[in-house]
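K.L.:
Could you have a look at this structure, given as C-alpha cells, before my questions?
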Ligand code: NBP
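Residue numbers (our numbering): 257 to 737.
What follows is the structure, given as C-alpha cells:
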C-alpha cells in the first residue's frame, strides 16, 4: 500500500507551496490539493519535484491518503473559500480529525467556525502565519488557537516548521476560538505602526536634505542598536537600491494600499474601547496617501510654515530621531498588548504575553531585538498591566523623551506630518496624567443631553444639573438641533 501522508495542505499559491516544502524538509509527508486541480500536478512536477510530497485529485482522494487522526491545513483566500472547503471536508472527515486554517481569517469567523465544528466533533485550529513567502519556506511565526484538543495533534509539526529564536520555537498555543487569529491581527496592526514610524523618520530625514546614501547609512547604524529589526534592515536596503535609472525609491508612487488587517485592528480597538491610537493613525495615513490627486491639488493652495527644516548638528539630531522612533515604538507595542489584554478578558482567553512576544521574535515581519526585551518584561512580571510600567521601558522613555518631544515639535513647526510619532507622545502624556479634562466633558454632556455626571468621591452616584439656572431640564433636542 502507498505511503500515507502526515498532513494535507489545500491551497497551492505562494504560502501553501512554501509551507509544504518546509514541512517536507522537516521529514513530514504532505498531501497537496488545490481548487484548480491542475495546479497539483504543476506543483509536483516543478517546485515539489524530488520531494516526498504526494498529490490528490479530489478531496475524497486527499482524505483517503491521510493518517488518522487526519490533519488538513487550508491556505486559501480568507473569507468564503474557507467556509466552502470546511463544508466540503466535514462529510469526509471523522470525529477527532483536525482542520487548520492558516490564512488571514477574521478572528470572529474563526471563533464561529471553531464552535460550529466542535458540535460536529471536528477539531478546528485558526492559525496566524506570519513571515510571507520566505517565512513559510524557512520558518514562519505561527500563532495557533481554536480547539485546545487539537494542539497535541499538530504541535510537533508546527514547532518543527516554525522559526526559532535562540532555539525556542516561535509557535505556542495561543488560546481558544479566534485567539490565534486575533494575535495575528494585532501583529499585523503593529506592523502597520512600525512601518508608518519608519516612513515618518524617512520624511523628516528627506526634508532635512539627507541623501539616500546618508539615510541608508543611518538606518544601517540603527539596525545595530536598540532599533535592530527586520523592518529597519529592509529600509536600509531599499534606500540603497539603485537600477540603471538611479534610486528606485524616488520613482515609486507615494500611495499605499492595504489588505485590511490593520483596519481590523483599529476596528477591534474601537470595539473593545482601547486607545490603540498609533495603529489607527498608521491606517489613516495609508488612507491619506491614497488621496493623491486631492493632495496634489491641496499642495498648491494650502499654505504651511515658511521655515525650512534645518538643524545645527545633524548627528545629534539623528540621535534625537532614533529616540523618537524608539519611544513611539514602545508606546505602539504597549497599546497592542493593552488590546490583547482586553480581548483576552472579554473572550476568556488565557494569553501568555511573554509567549506572544517570543512568537513574534522570529520569522515574522515585526521581528526585532525589542521583542526579546518585551518577552523579558513579561518574564520578570507575568501580571505586568502595561509595558510602559516595566522598569526597562520606563527607563528607555525617561532617557529618550526629551529627544522625542524635540523631534515631534520640530516636525510640527516645519509642517512635516508625523501622525504616528505624535499620537504616541499624546498617548504617553495622557496615560501619565492623573487628572484629565474629562470632567468638563461630563458636564458638557449633561448640559446638552441630561446625561448626568459622576462626582469625585461619590462613585456610582449620578446627578443632573440645570446649567443655565433658568429652570426645567435642558433637553438634548433643544441644544443639538
Ligand atoms: P491567496 O490568498 O492568493 O489564495 C490563493 C488560493 O486560494 C488558491 O489556492 C486559490 O485556488 C484559492 N481560492 C481562491 Br483565490 N478563491 C477560492 C474559492 N472561492 N474557493 C476555494 N479556493 C479558492 O494565496 P496566498 O497569498 O498564498 O495566501 C493564502 C492565505 O495566507 C491567505 O489567507 C492570505 O491572506 C494568508 N497570508 C498570506 C501571506 C502572503 O505573504 N502572501 C502572508 C501571511 C498570510 P485557485 O488556485 O483554484 O484559484
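Backbone N, C-alpha and C define an ideal beta-carbon position, used for all residues, glycine too.
Computed from a predicted model, the values in this text were never measured in an experiment.
1) For residue 532, which of helix, strand or coil comes out of DSSP?
2) Taking 7 Å as the cut-off, does the CB of residue 414 come closer than this to any heavy atom belonging to the ligand NBP?
3) Where DSSP assigns a beta bridge to residue 681, which residues make up the other side?
4) Between residue 393 and the ligand NBP, is the CB less than 7 Å from at least one heavy atom?
5) Near residue 576, what residues of its chain come up, given a Cβ to Cβ distance below 7 Å and the 5 sequence neighbours on each side ignored?
6) On the premise that residue 677 lies in contact with residue 453, defined as a C-beta separation below 8 Å, what is that separation, rounded to the nearest angstrom?
7) Given 7 Å as the limit, tell me if residue 292 has its C-beta closer than that to any heavy atom belonging to the ligand NBP.
8) Out of 653, 541, 700 and 672, which one is the CA nearest neighbour of residue 683?
9) Can you tell me whether DSSP reads residue 287 as helix, strand or coil?
10) For the ligand NBP, any of its heavy atoms closer than 7 Å to the Cβ of residue 365?
11) What are the uninterrupted segments assigned as alpha helix (DSSP H) that are 4 or more residues long and contained completely in the segment 343-420, given in chain order?
12) To the nearest angstrom, how far is the alpha carbon of residue 263 from that of residue 322?
13) Quick one: measure Cβ to Cβ for residue 437 and residue 363, integer angstroms, because I've assumed they're closer than 8 Å.
14) Nearest to residue 462 by alpha carbon, out of 367, 679 and 567?
15) Since residue 595 and residue 612 are thought to touch, with beta carbons under 8 Å apart, how far apart are those beta carbons, to the nearest angstrom?
16) Can we count residue 282 as close to the ligand NBP, meaning its CB is less than 7 Å from some heavy atom?
17) Less than 8 Å between C-beta atoms, sequence neighbours within five positions excluded: which residues of the same chain meet that for residue 353?
18) Give the range of the beta strand (DSSP E) segment to which residue 460 is assigned.
19) Return the chain-ordered ranges of every alpha helix (DSSP H) run that is complete within the segment 518-596 and spans a minimum of 4 residues.
20) Could you name the residues of the same chain whose beta carbon sits closer than 6 Å to that of residue 525, not counting the 5 residues immediately before and after it, in chain order?
21) Tell me the DSSP secondary structure of residue 425 in three-state form.
22) Does the distance between the C-beta of residue 336 and the nearest non-hydrogen atom of the ligand NAP fall short of 7 Å?
P.N.:
Let me spell this out:
1) coil
2) no
3) None, per the DSSP bridge assignment.
4) no
5) 659, 662 and 663
6) 6 Å
7) yes
8) 653
9) strand
10) no
11) 363-375, 388-394 and 407-417
12) 7 Å
13) 4 Å
14) 567
15) At roughly 12 Å, the Cβ-Cβ gap does not stay under 8 Å, so residue 595 and residue 612 are not in contact.
16) no
17) 324, 325, 326, 327, 328, 378 and 379
18) Careful: residue 460 lies outside any beta strand (DSSP E), inside the alpha helix (DSSP H) at 435-463.
19) 533-546 and 548-555
20) 532 and 595
21) strand
22) Inclusion of the ligand NAP in the displayed structure is not the case, the ligand content consisting of the ligand NBP alone.
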